[in-house]
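Enquirer:
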Amino acid sequence: MEIVICEDAAEIGRIAASKIIDLVRRKPTAAIGLATGSSPLGIYAELAHAVARGELDMSRAHGFALDEYVGIELEHPQSYYSVIHREVVERLSMDPARVHVPDGRAADLHSACDAYEEAIEQAGGVDLQIVGIGSNGHIGFNEPTSSFGSRTRVKALAPQTRADNARFFDSLDQVPTLCLTQGLGTIMDAREVVLVAQGEHKADAIAAAVEGPMAAVMPASVLQGHRYATVIIDEAAASKL
Ligand code: GLP
0 MEIVICEDAA EIGRIAASKI IDLVRRKPTA AIGLATGSSP LGIYAELAHA VARGELDMSR
60 AHGFALDEYV GIELEHPQSY YSVIHREVVE RLSMDPARVH VPDGRAADLH SACDAYEEAI
120 EQAGGVDLQI VGIGSNGHIG FNEPTSSFGS RTRVKALAPQ TRADNARFFD SLDQVPTLCL
180 TQGLGTIMDA REVVLVAQGE HKADAIAAAV EGPMAAVMPA SVLQGHRYAT VIIDEAAASK
240 L
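If you're matching positions, the sequence shown starts at 0 in numbering that gives the first Met the number 0 and goes up one per residue.
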């Protein structure tokens, strides 16, 4: 794992975005693994600037979101479908037909998960996966005790995750209890993984993920076994390393 400690969120965004810019210039049809949450917003802002300046063309790139809630409408502003389209597809002028989000509205959720794995495979695999980290160490929605070999599947959200994400909803009881998420095995298949985090509230999870034992109770620790994983964080998130 390569650890990069930055001065602020803007620097995290610049360094992580430069990896994507280099990749897409080299391979315009690259598949990018997209994450929601506040952590990657600086990356998307940097990429949007590059697109606006005509320095980056994302129109042929593929996108695969990490996860989605089960049981909320696609049009709900907090569905990850909406978030990814609002924050990423529109701002980066990506082709919506090339951007995929697991289908949390499917009648058969298990088939939807299998179809998602297949779509990733058909695109030739993910070239670069962006991930944030939950305060309990989850990546995507792979909550503690997720198996390191897991694939895209239905998961129950941990109480901590529902509480953390309640800020995006009117009340805690509106936060879905189930989700679909790429598995840890799916994430590990990406050719490169970039984890971004900022703030003191991520410091324990970062220390455990980077320096603790590789263990299912700390899902992000799986990345210690990835050949090309980069952790790009600010001083506060690095404060317990
Ligand atoms: C959600 C997402 C994760 C994300 C996490 C952290 O739970 N499913 O992919 O990493 O939030 O969010 P934030 O970056 O806002 O702290």
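Just so it is clear, CB atoms sit at the ideal spot from N, CA and C, and this is done for glycine as well. Since the model is a prediction, treat every value here as computed from it, not as a measurement.
1) For Asp66 and Val125, I'd like the C-alpha separation in whole angstroms.
2) Name the two residues that bound the continuous alpha helix (DSSP H) containing Ile185.
3) Using the Cα positions of Asp7 and Ala237, report the straight-line distance between them to the nearest angstrom.
4) CA-CA distance, Thr28 and Arg59?
5) Could you compute how far the alpha carbon of Val195 sits from the alpha carbon of Ser110?
6) Quick check on Ala30: does DSSP put it in helix, strand or coil?
7) Please determine, among Gly53, Ala30, Ala204 and Leu46, the residue with the shortest C-alpha to C-alpha distance to Ala118.
8) Alpha carbon to alpha carbon, how far is Ala215 from Gln121? Give it in angstroms, no decimals.
9) Would you list the residues sitting across from Phe63 in a DSSP beta bridge?
10) What residue from Arg25, Leu73 and Ile11 has the CA that sits closest to Tyr43's CA?
11) Just how far apart, CA to CA, sit Glu45 and Phe168?
12) Find out if the Cβ-Cβ distance for the pair Glu142, Ala165 is shorter than 7 Å.
13) Measure from the alpha carbon of Met0 to the alpha carbon of each residue in Ala235, Met217, Glu210 and Asp233, then state which is nearest.
14) Which residue marks the beginning of the alpha helix (DSSP H) containing Leu160, and which one marks its end?
15) Only counting the same chain, and skipping five residues up and downstream in sequence, which positions put a Cβ closer than 8 Å to that of Ser145?
16) Considering only heavy atoms of the ligand GLP and the C-beta of each residue, which residues fall inside 6 Å, strictly closer?
17) Tell me whether Gln251 is buried or exposed, calling it buried when 16 or more other Cβ atoms sit within 10 Å of its Cβ.
18) Tell me whether Ala49 sits in a helix, a strand or coil according to DSSP, three-state version.
19) Quick check on DSSP: helix, strand or coil for Ile231?
Expert: Let's see:
1) Along the sequence shown, one-based indexing puts residue 66 at 67. Along the sequence shown, one-based indexing puts residue 125 at 126. Using only the alpha carbons, I get a separation of about 14 Å.
2) By one-based count along the sequence shown, residue 185 stands at place 186. Looking at the sequence provided, one finds Thr at residue 185 rather than Ile. Thr185 -> alpha helix (DSSP H) spans Leu183 to Met187.
3) Within the sequence shown, the letter at position 8 stands for residue 7. Within the sequence shown, the letter at position 238 stands for residue 237. When only Cα atoms are considered, Asp7 and Ala237 end up about 12 Å apart.
4) By one-based count along the sequence shown, residue 28 stands at place 29. By one-based count along the sequence shown, residue 59 stands at place 60. Straight across, the Cα-Cα distance linking Thr28 with Arg59 is about 5 Å.
5) The residue given as residue 195 occupies position 196 in the sequence shown. The residue given as residue 110 occupies position 111 in the sequence shown. A direct Cα-Cα distance of roughly 31 Å separates Val195 from Ser110.
6) Residue mapping note: residue 30 aligns to position 31 of the sequence shown, counting from 1. In the structure shown, Ala30 sits in a strand (DSSP, three-state: E or B).
7) Position 119 of the sequence shown holds residue 118. Nearest C-alpha to Ala118: Ala30.
8) Position 122 of the sequence shown, counted from the first residue, corresponds to residue 121. Position 216 of the sequence shown, counted from the first residue, corresponds to residue 215. CA-to-CA, the gap between Gln121 and Ala215 works out to about 29 Å.
9) Looking up residue 63 in the sequence shown gives position 64. Under DSSP, Phe63 takes part in a beta bridge, and its partners are Gly32 and His99.
10) Counting from one through the sequence shown, the residue named residue 43 turns up at place 44. Minimum Cα distance to Tyr43 is reached at Ile11.
11) On the sequence shown, position 46 is the one that residue 45 refers to. On the sequence shown, position 169 is the one that residue 168 refers to. Glu45 and Phe168 have their alpha carbons spaced roughly 27 Å apart.
12) One-based indexing of the sequence shown puts residue 142 at position 143. One-based indexing of the sequence shown puts residue 165 at position 166. By the CB criterion at 7 Å, Glu142 and Ala165 fall outside the cutoff.
13) As a first step, residue 0 is located in the sequence shown; it is residue number 1 there, counting from the start. Residue nearest to Met0 within the set Ala235, Met217, Glu210 and Asp233 is Glu210 (criterion: CA-CA distance).
14) Along the sequence shown, read from residue 1 onward, the residue named residue 160 stands at position 161. The question names Leu, but residue 160 in the sequence shown is Thr. Unbroken alpha helix (DSSP H) run through Thr160: Pro158 to Asn164.
15) Working through the sequence shown from its first residue, we reach residue 145 at position 146. So the list reads His137, Lys154, Gly182, Leu183, Ala215 and Pro218, once near-sequence residues are dropped.
16) For the ligand GLP, the residues with a Cβ under 6 Å from any of its heavy atoms are, in chain order, Ala34, Thr35, Gly36, Ser37, Ser38, Leu65, Asp66, Gly131, Ile132, Gly133, Gly139, Phe140, Thr160 and Asn164.
17) Any question about residue 251 goes unanswered here, given that the chain covers just 0 to 240.
18) Your numbering for residue 49 matches position 50 in the sequence shown. In this structure, Ala49 counts as helix in the three-state DSSP scheme.
19) As a working mapping, residue 231 is identified with position 232 in the sequence shown. Judged by DSSP in its simplified three-state form, Ile231 adopts strand.
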